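Throughout the sequence shown, residue numbering follows full-length UniProt numbering, covering 1 to 157 in sequence.
We treat Cβ as the ideally placed atom computed from N, Cα and C, and that holds for glycine.
The model shown is predicted, which means the values in this text are computed figures rather than measured ones.
All remarks here apply to the structure that follows.
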Amino acid sequence: MARRCRSEKARIRKGTVVTLGNGEKASFWQSTWLNEQAPMDRFPDLFKWAWRKNKTVKEELQNQNWTRGLWRMQTSEEMASFVELWDLVQNVQLTDEQDRNTWRWTTDGIYTAKSAYNAQFHGSFNTFGEEDIWRAEAEGNHKFFAWLLIQCRQVTG
């Protein structure tokens, strides 16, 4: 159950694009504010070392607070990721406006339950249905097994 909740949160996070304003609402590590990606997704090796993972962009940019905990890096790949993130963060300019969330899966940027449901299947497709199975030239038990398979009802020993 916990894994399912994490995957649902990740799906929502990837569907949301955060346009930074003052940085008071967007989470530094978890919001998709850095080139439409969340730093935790783009730099997972750094995220595991980071402290204060729920702080806002504004809080973490003050005095480079986001670097706390990263001194424990152990590999050259982690150091390369750190330098890349450092370069990206140096270009961030906060404004007086509020942060703005837009939904990636609709043209108007507004979240709908329908668009969230359709996003689950983005990039996936089904090339055949049960009619194709029953029309196939195969033995009956093979057709039956294939029919069970597409309904996620596999019979195992």
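Only exposed fits residue 151, as fewer than 16 other CB atoms lie within 10 angstroms of its CB. Annotation: residue 97 to residue 67 spans about 25 Å, alpha carbon to alpha carbon. Residue 102 sits in a strand when the DSSP states are folded into three classes. With respect to the 7 Å criterion, residue 53 and residue 29 are classified as neighbours on the basis of their beta carbons. Residue 151 sits in coil when the DSSP states are folded into three classes, being neither helix nor strand. In this structure, residue 32 and residue 103 do not form a Cβ contact; the two beta carbons are roughly 11 Å apart against a cut-off of 8 Å. Per DSSP, reduced to three states, the secondary structure at residue 34 is strand. Approximately 22 Å separates the beta-carbon atoms of residue 7 and residue 46; this is outside 8 Å, ruling out the contact. For residue 92, no beta strand (DSSP E) encloses it, and the DSSP letter there is neither H nor E. A straight line joining the alpha-carbon of residue 65 with that of residue 59 spans about 7 Å.
Inclusion of residue 72 and residue 49 in the CB contact set at 7 Å is warranted, their separation being smaller than that value.
For residue 112, the secondary structure class from DSSP, reduced to helix, strand or coil, is coil. DSSP, read as helix, strand or coil, puts residue 19 in strand. CA-to-CA, the gap between residue 83 and residue 63 works out to about 17 Å.
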